[in-house]
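Residue numbers (the working numbering): 32 to 84. Following: one structure in structure tokens, then a few remarks.
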């Protein structure tokens, strides 16, 4: 998807600050947000996260 951070945050229904913190891995999306993101991106929740080492 060729969107800037503001556009992608709006696509997800999140605010830019919240999305920016997810992107910088300062915070993780809640389970509710993970469901929303996965649905919008047509993927599984598992595809959004890296497995812990």
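Glycine residues also receive a C-beta, built at the ideal position from the N, C-alpha and C atoms.
Comparing C-alpha positions only, which one of the options sits nearest to residue i?
i: residue 81; options: 48, 35, 70 and 59; result: 59
i: residue 44; options: 74, 84, 63 and 83; result: 63
i: residue 32; options: 73, 57 and 52; result: 73
In chain order, what residues of the same chain lie with their CB nearer than 7 Å to the CB of residue i, ignoring the 5 residues before and after it?
i: residue 65; result: 76 and 79
Contact defined as beta carbons within less than 8 Å: I believe residue i pairs with residue j. What is the distance between those atoms, to the nearest angstrom?
i: residue 71; j: residue 42; result: 7 Å
Taking the alpha helix (DSSP H) that residue i belongs to, which residues open and close that run?
i: residue 59; result: Segment: none, residue 59 is in no alpha helix (DSSP H) and carries neither H nor E.
Counting only the same chain and skipping the five closest in sequence on each side, list residues whose C-beta sits under 6 Å from that of residue i.
i: residue 38; result: none
Looking only at its own chain, which residues have a Cβ that is under 8 Å from the Cβ of residue i, when we skip the five neighbours before and after it?
i: residue 54; result: 36
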